[in-house]
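**Q**
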Amino acid sequence: MNKDWIEVTIITSSEAVEAVSAMLYNTGVKGVSILDPLDMIYRRDHTTDWDYFDETIIDTNSGVVVKGYYKRDEKFEGYLEEIKAGVNKLPEFGLDKGLGTITATDVKEQDWENNWKQYYKPIKVGEKIVIKPIWEKYNKKPGEIIVELDPGMAFGTGTHETTRMCIKALERHVGEESVVFDIGTGSGILSIAAAKLGAKKTIGVDLDPVAVDSAKLNVSYNDLNNIEIIYGDLMEVIKGKASIVIANIMADIIMFLTEQVKSFIVDGGYFISSGIILSKKDEVINKLTQCGFKIEEINIEGEWVCIVASYSEITI
0 MNKDWIEVTI ITSSEAVEAV SAMLYNTGVK GVSILDPLDM IYRRDHTTDW
50 DYFDETIIDT NSGVVVKGYY KRDEKFEGYL EEIKAGVNKL PEFGLDKGLG
100 TITATDVKEQ DWENNWKQYY KPIKVGEKIV IKPIWEKYNK KPGEIIVELD
150 PGMAFGTGTH ETTRMCIKAL ERHVGEESVV FDIGTGSGIL SIAAAKLGAK
200 KTIGVDLDPV AVDSAKLNVS YNDLNNIEII YGDLMEVIKG KASIVIANIM
250 ADIIMFLTEQ VKSFIVDGGY FISSGIILSK KDEVINKLTQ CGFKIEEINI
300 EGEWVCIVAS YSEITI
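According to numbering that gives the first Met the number 0, the residues represented by the sequence shown are 0 to 315, in order.
This is the structure in C-alpha cells:
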C-alpha cells in the first residue's frame, strides 16, 4: 500500500538554489531533487550512460526547479508557509528568487522515490573525480577516483558549477600531507573528494544536522577512515590548522568568515571559496586581500566564481 506524499515545487534562480534547498532541509523534507537546466546540459554532455535523455527538461528560460517531498501530516501546512515566507525573503539576502512560484501536488511514494533518480548518472568532474550515485553501476577507468554519493539528501551533487570548480581546485592542491577543513560540508562531497585525493585528514563541518547526517552516510558509502564530519561552527568545534580550508557557501558568509579563517590556515596554506555569484566577485576579492590573502586563482563557470587564495603569516 502506497503512502500519500506531497511534492513541493519551487521555481527559482541558480544563485538561490542552495538557500532554497536549505529551507526544505530545515522543514522536515524527506528528499530533494534539483533540475537546473545548465546542470542538466553539463550532465548530458559529460555522461555516457544515458539510455535516453529527455531534451524537453532543458529550458534555460524557466529557471531552476527545486522539488521537495513531504509526508502528508498535520505539520505540512506550517512547513509550506515557512517555505513561502523564506522564498519571498531571498531578495533581502541579495539573492534573485527568480519566478519564485511554489506549488504543492499529491504524489505516491513509489513515484517520487524512483523518478528523480533518472536524472543522476555517473559523471566525471575534473581530471580524476567521478561522482557515482550509489544505485548506479560504473566501470572505473585507469586513474579515476570514484566518489559514491546519495545525491538526494543534501546540497552538493557534483554537477553544480560551484561544486565542480571546488573539486577541480582540490585536485590541483591536495597532497598526501594535506589537512583539509570543509566549511558547510552539505552532502560531504568536497570532504570525501579531498580524502579520496589523498589528504592525510579531512574534517567537514555543518550547522545543519540533516546535512551532517547525510554527509556521514555518504562517507560510509566510500569506506574512508581519514575523514570526520562534525555538527557545529568551525570556530567552535575544530582545533588546529589546515593546509586547505574550503567553503562552498554564499559570498556574504565567505566575507564574514574570511578574517576568522586565517587562524585555521597554516603558513602558506590555501583558502578555496566558492558559491560566489559573479556580481560579488570583486567584493570577495577585496575582502580577501584586505585580510592578508594573496589571490592565486580566479575560476569562473557560468555565473559562478571559485577563488583560490593563499595565506602567509610573514609579511615583508
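Each residue gets a CB set at the ideal place from its N, CA and C atoms; glycine is no exception.
Please state whether the Cβ-Cβ distance between N298 and C290 is less than 8 Å.
**A** No, they are not a contact pair.
**Q** Check whether the Cβ atoms of S309 and Y269 sit closer than 8 Å, and answer yes or no.
**A** In this structure, Y269 lies closer than 8 Å to S309 by Cβ.
**Q** Less than 8 Å separating the beta-carbons of I144 and K127?
**A** yes
**Q** Can you look up E76 in the DSSP assignment and give me helix, strand or coil?
**A** helix
**Q** Taking all protein chains shown into account, decide if W134 is buried (16 or more other Cβ within 10 angstroms of its Cβ) or exposed.
**A** By the Cβ neighbour-count rule, W134 is exposed, with fewer than 16 other Cβ atoms within 10 Å of its own.
**Q** By how many angstroms is the C-alpha of L79 removed from the C-alpha of E175?
**A** 46 Å
**Q** Could you tell me the alpha carbon to alpha carbon distance between G267 and T161, rounded to whole angstroms?
**A** Each residue's Cα considered, the two are about 24 Å apart.
**Q** Assign A193 to one of two classes, buried (16 or more other C-beta atoms within 10 Å of its C-beta) or exposed (fewer than that).
**A** Buried, since its Cβ has 16 or more Cβ neighbours within 10 Å.
**Q** For E176, does the three-state DSSP call read helix, strand or coil?
**A** coil
**Q** In or out: D72 buried (at least 16 other Cβ within 10 Å) or exposed?
**A** exposed
**Q** Along the chain, where does the alpha helix (DSSP H) containing E227 start, and where does it finish?
**A** No alpha helix (DSSP H) contains E227, which is instead part of the beta strand (DSSP E) from 226–230.
**Q** Please return the same chain residues whose Cβ sits closer than 8 Å to the Cβ of N87, not counting the five positions on each side in sequence.
**A** Excluding residues within five positions, the ones whose Cβ falls inside 8 Å are K96, G99.
**Q** Can you tell me which residues form a DSSP beta bridge with G67?
**A** V7, V31
**Q** For a quick check, are the C-beta atoms of I253 and S177 less than 8 Å apart?
**A** no
**Q** For the putative contact between A21 and D207, defined by C-beta atoms under 8 Å, what is the C-beta separation to the nearest angstrom?
**A** 7 Å
**Q** Which term fits D105, buried or exposed, when burial requires 16 or more other beta carbons within 10 angstroms of its beta carbon?
**A** With fewer than 16 Cβ atoms within 10 Å of its Cβ, D105 is classed as exposed.
**Q** Could you round the C-beta distance between A250 and E282 to whole angstroms and report it? I think they count as a contact, below 8 Å.
**A** 7 Å
**Q** With H, G and I counted as helix, E and B as strand and the rest as coil, what does DSSP make of E295?
**A** strand
**Q** Taking the alpha-carbon of V209 as reference, which of G197, V173, M234, S186 has the nearest alpha-carbon?
**A** S186
**Q** Which class does Y24 belong to by DSSP, given the choice of helix, strand or coil?
**A** helix
**Q** Extract the residue ranges of the beta strand (DSSP E) inside the stretch 186–274, only unbroken runs of 3 or more that lie entirely within it.
**A** 200–205, 226–230, 241–247
**Q** Within the present structure, is the beta-carbon of A103 separated from the nearest heavy atom of the ligand SAM by less than 7 Å?
**A** By its list of ligands, the structure shown contains no ligand whatsoever, and the ligand SAM lies outside what it can speak to.
**Q** When the distance is taken between beta carbons, is V204 closer than 8 Å to I237?
**A** The answer is yes: Cβ separation under 8 Å.
**Q** Mapping the DSSP letters down to three states, classify I133 as helix, strand or coil.
**A** coil
**Q** Just curious, the beta strand (DSSP E) that K107 is in, first and last residue?
**A** 100–107
**Q** Between the Cα of W330 and those of K70, S32, G30, G197, spot the shortest distance and give me the residue it belongs to.
**A** With the chain covering 0 to 315 only, the question about residue 330 has no answer from this structure.
**Q** With DSSP as the reference, label E14 as helix, strand or coil.
**A** helix
**Q** Does C165 come out as helix, strand or coil in the three-state DSSP assignment?
**A** helix
**Q** Pick from S12, S13, F75: whose alpha carbon is nearest that of G27?
**A** It is F75.
**Q** Write down the C-beta distance between V124 and V63 rounded to the nearest angstrom, noting that I regard them as a contact closer than 8 Å.
**A** Their Cβ separation, rounded to whole angstroms, is 19 Å, which puts V124 and V63 out of contact at 8 Å.
**Q** What's the C-alpha gap between F255 and D222?
**A** 34 Å
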